[in-house]
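Participant: Please see the structure below; I have some questions.
The following block contains the structure:
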């Protein structure tokens with residue numbers, strides 16, 4: 000029994016080290032690369048900065064509103080789902096104990112989210128001899144989908160002096176990550192001509208972020224439901240004004256060049272964080288909970304700026320090609336003087352030292368970018384009805400690595416999209432599907448000291464650890480848009 004307790008204590012210590020940081024970007028690439036919305040644009044891969052000629056224009060480039068000649072109302076609905084799978088081979092050598100612990104983890108998971116993502120009212124009007132177009136809109140800039148992940152966690156202990164396997168057992172690990180809220184924008188936009196070939200636009204956005212999260216991680220073993228149990232409850236809020244400015248230039252009739260800039264801002268950041276942890280006590284034969292720890296406060300968040308550029312080439316009256324490139328400065332997104340909820344060396348709840356942390360991630364972020372290309376071919380049916388066919392391809396560099404290691408570069412995801420719809424007189428209906436996938440292979444070696452309780456006495460031991468991690472990400476987005484013109 001003592002050998003089993005020692006081995007399981009070693010395993011529990013290793014599990015705390017091996018567990019990856021909780022992430023956001025892994026399950027929602029739209030956070031890394033916040034773009035505009037609409038089924039028509041997404042069907043073309045999201046390459047819409049230069050084209051931007053319908054009611055969703057301001058979410059891509061407010062200058063595009065100046066092309067509209069009728070009043071419009073629009074709605075966009077999105078369904079988002081996918082999977083994030085993690086496979087790990089972990090090895091830790093306890094030199095002082097002549098023991099090696101191996102861990103083979105397979106943890107598949109899935110996520111989903113759906114809802115209204117855009118609504119707008121657009122009204123053209125005249126000021127003197129000028130034609131102006133105003134729009135009021137709501138946009139869900141990014142949501143965080145609910146996430147579930149579970150799988151087997153095989154542990155193997157080898158006696159290095161004899162090379163014999165002295166113990167092998169399997170635990171079960173499960174994560175549940177429940178989110179509500181997201182980043183919302185309430186926007187007033189204005190598009191206007193700047194000459195015969197140049198259009199300008201500006202959007203004033205009230206960005207309102209309200210995010211609630213409950214994260215649970217449980218590891219069970221045989222009839223023990225809580226070998227280790229973790230729970231994080233968090234709430235985060237901020238709001239401020241931001242400005243987008245855009246240009247569209249048409250140097251030749253078939254060609255349009257688009258530019259857009261999204262200004263960053265600083266805002267008051269209200270947060271609350273509570274943590275619970277329990278570890279199975281083999282002597283008492285029941286979980287031993289730590290006293291919960293929590294932290295709350297108000298500090299400052301710095302929201303990143305971004306920019307984009309695009310081309311649209313109307314080859315014929317029914318065939319259009321588009322291409323975009325954009326960046327967001329996530330390396331500048333910081334929460335200042337954040338006070339984390341922690342436990343001290345005596346396992347007593349406390350608040351850590353103030354520190355700057357990246358937002359919305361917990362560790363190092365880098366600037367993200369997207370490259371997109373698409374095409375639209377319109378079939379003219381009888382009575383003036385239109386049947387569009389669309390396709391697109393895109394690449395997205397995330398703002399943080401799929402790995403929990405700070406040194407890793409962020410992954411690049413690839414995607415493709417298809418779209419179609421129907422337009423007749425004053426009604427336009429569009430649907431689109433976009434598939435995104437990415438993967439990462441990470442290998443790391445490191446050393447640390449761990450205190451193991453043997454015979455009731457703490458004993459520090461040196462550990463040499465290596466990890467090989469493989470991550471796979473896939474997602475599917477389905478959008479439906481409706482535009483009614485008056």
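Residue numbers (this note's numbering): 0 to 485.
Positions of the beta carbon are idealized from the N, C-alpha and C atoms, including for glycine.
(1) Looking at the strands, I want to know which residues DSSP matches up with residue 473.
(2) Which residues does DSSP pair with residue 260 in a beta bridge?
(3) Just reading off the alpha helix (DSSP H) that residue 39 is part of, what are its end residues?
(4) How big is the Cα-Cα spacing for residue 522 and residue 308?
(5) Quick check: what's the CA-CA separation for residue 534 versus residue 275?
(6) Measure the beta-carbon distance from residue 212 to residue 178 and round it to whole angstroms, keeping in mind my assumption that it falls under 8 angstroms.
(7) Assign residue 154 to buried or exposed, taking buried as 16 or more other Cβ atoms, counted over all protein chains shown, within 10 Å of its Cβ.
(8) For residue 105, which residues does DSSP report across the bridge?
(9) Assuming residue 336 contacts residue 353 (C-beta within less than 8 angstroms), just tell me the rounded distance between them.
(10) Does the beta-carbon of residue 15 have 16 or more other beta-carbons within 10 angstroms, so that it is buried, or is it exposed?
(11) Is residue 343 helix, strand or coil by DSSP?
(12) Thinking C-beta only, is residue 261 closer than 8 angstroms to residue 190?
(13) DSSP puts residue 382 in a beta bridge; with which residues?
(14) Can you tell me which of the three DSSP states residue 315 falls into?
(15) Quick check on the burial criterion: 16 or more other C-beta atoms within 10 angstroms. Buried or exposed for residue 409?
(16) Starting from residue 57 and walking both ways along the alpha helix (DSSP H), at which residues does that stretch end?
(17) Can you give me the start and stop residues for the beta strand (DSSP E) that residue 189 sits inside?
(18) In the DSSP assignment, find the unbroken beta strand (DSSP E) run with residue 419 in it and report its ends.
(19) Is it buried or exposed, residue 23, if we count other Cβ atoms within 10 angstroms and call 16 or more buried?
(20) Here's a check: name, in chain order, each residue in its chain whose Cβ is nearer than 6 angstroms to the Cβ of residue 244, leaving out the five neighbours to either side.
(21) What is the C-beta distance between residue 313 and residue 387, in whole angstroms, given that I count them as a contact (C-beta under 8 angstroms)?
(22) Is it the case that the Cβ atoms of residue 116 and residue 55 are separated by a distance below 8 angstroms?
(23) Starting from the Cα of residue 316, find the closest Cα among 257, 379, 324, 268 and give me that residue.
(24) Excluding sequence positions up to five away, which residues of its chain have a Cβ less than 6 angstroms from the Cβ of residue 288?
(25) May I ask you to verify whether the region 59-69 touches the region 33-51, counting CB pairs closer than 8 angstroms and requiring at least 3?
(26) Excluding the 5 residues flanking residue 186 on each side, which residues of the same chain have their C-beta closer than 6 angstroms to its C-beta?
(27) If you drop the 5 nearest sequence neighbours on each side, which residues of the same chain put their C-beta closer than 7 angstroms to that of residue 26?
(28) When DSSP labels each residue in this structure, what does residue 446 get in the three-state scheme?
(29) Quick check on residue 164: buried or exposed, where buried means 16 or more other Cβ atoms within 10 Å of its Cβ?
(30) Should the region 294-304 be regarded as contacting the region 317-337, the criterion being three or more beta carbon pairs within less than 8 angstroms?
(31) Helix, strand or coil for residue 94, going by three-state DSSP, please let me know.
(32) Less than 8 angstroms between the beta carbons of residue 348 and residue 286, yes or no?
(33) Please list the terminal residues of the continuous beta strand (DSSP E) segment that includes residue 160.
(34) Rounded to whole angstroms, what is the Cα-Cα separation between residue 139 and residue 411?
(35) Would residue 303 be called buried (16 or more neighbouring beta carbons within 10 Å of its own) or exposed?
(36) Would residue 416 be called buried (16 or more neighbouring beta carbons within 10 Å of its own) or exposed?
Facilitator: Reading it off the structure:
(1) In the DSSP assignment, residue 473 is bridged to 82, 436.
(2) Partner residues in the beta bridge of residue 260, as assigned by DSSP, are 244, 306.
(3) Its alpha helix (DSSP H) spans residues 38-42.
(4) Not covered by the structure: residue 522. The range shown for the chain is 0 to 485.
(5) Nothing in the structure corresponds to residue 534, since the chain is present only between 0 and 485.
(6) With 8 angstroms as the limit, residue 212 and residue 178 qualify as a contact, their Cβ atoms being about 5 angstroms apart.
(7) Buried.
(8) According to DSSP, residue 105 shares a beta bridge with 86.
(9) Yes, residue 336 and residue 353 are in contact; Cβ-Cβ is about 4 angstroms, under 8 angstroms.
(10) With a pLDDT of 41 at residue 15, under the threshold of 50, the modelled position of that residue is not reliable, and the figure given next carries that caveat. Burial call: exposed.
(11) When secondary structure is reduced to three states using DSSP, residue 343 falls in the coil class, being assigned neither helix nor strand.
(12) A distance of 8 angstroms or more separates the beta carbons of residue 190 and residue 261.
(13) According to DSSP, residue 382 shares a beta bridge with no other residue.
(14) In this structure, residue 315 counts as coil in the three-state DSSP scheme.
(15) Buried, because 16 or more other Cβ atoms sit within 10 Å of the Cβ of residue 409.
(16) Element bounds for residue 57: 56-59.
(17) 163-192 is the extent of the beta strand (DSSP E) around residue 189.
(18) Here the beta strand (DSSP E) through residue 419 covers 411-423.
(19) With a pLDDT of 42 at residue 23, under the threshold of 50, the modelled position of that residue is not reliable, and no figure is offered here.
(20) Answer for residue 244: 201, 260, listed in chain order.
(21) The distance from the Cβ of residue 313 to that of residue 387 is about 14 angstroms, inconsistent with a contact at the 8 angstroms cut-off.
(22) The answer is no: Cβ separation not under 8 angstroms.
(23) Nearest to residue 316 by C-alpha distance, out of 257, 379, 324, 268, is 379.
(24) Counting only Cβ-Cβ distances below 6 angstroms, and skipping sequence neighbours, we find 277.
(25) Output reads yes: the region 33-51 touches the region 59-69.
(26) So the qualifying residues of the chain are 136, 202, 204.
(27) Note on residue 26: pLDDT 47, under 50, position unreliable in the model; the coordinate value appears next. These residues qualify, in order along the chain: 83, 110, 144, 146.
(28) Three-state DSSP puts residue 446 in a strand.
(29) The residue in question, residue 164, is exposed, as its Cβ has fewer than 16 Cβ neighbours within 10 Å.
(30) Pairwise C-beta distances place the region 294-304 in contact with the region 317-337, as three or more of them are shorter than 8 angstroms.
(31) In the displayed model, residue 94 falls within a helix according to three-state DSSP.
(32) Contact flag unset, no.
(33) Taken as a continuous stretch (DSSP letters only), residue 160 belongs to no beta strand (DSSP E), as it is neither H nor E.
(34) Cα-Cα distance, rounded: 24 angstroms.
(35) Counting Cβ neighbours within 10 Å, residue 303 comes out buried, since at least 16 surround it.
(36) A residue is called buried once 16 or more other Cβ atoms fall within 10 Å of its Cβ, and residue 416 is buried on that count.
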